[in-house]
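Taking it in order: structure first as structure tokens, then the write-up.
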Amino acid sequence: MELFSTKNRILLKELIKTDFKLRYQGSLIGHLWSILKPFMMFTIMYPLC
Numbered sequence: 297m298e299l300f301s302t303k304n305r306i307l308l309k310e311l312i313k314t315d316f317k318l319r320y321q322g323s324l325i326g327h328l329w330s331i332l333k334p335f336m337m338f339t340i341m342y343p344l345c
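This is the structure in structure tokens:
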């Protein structure tokens with residue numbers, strides 16, 4: 297038994313693409329924020345622990 301059918305996988309893929317486009321649309325560095333933001337939080341918070 298598959299977890300997601302082909303139809304649902306296609307829908308999930310489209311929803312994820314749309315979410316990324318809308319989230320970082322007006323940003324200067326765009327999709328790079330999805331990597332930079334957690335990295336910056338880690339580098340700031342790690343020394344505090």
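Using the numbering used here, the first residue of the sequence shown is number 297, and each one after it goes up by one. Think of the CB as a built atom: it goes at the ideal place given N, C-alpha and C, for glycine as much as any other residue. In this text, all values refer to a predicted model and were calculated from it rather than measured experimentally.
- In the three-state reduction of the DSSP assignment, Ile325 falls in the coil class.
- In this structure Tyr320 touches Trp329 by the C-beta definition: roughly 6 angstroms separates them, less than 8 angstroms.
- In the displayed model, Leu299 falls within coil according to three-state DSSP, outside both helix and strand.
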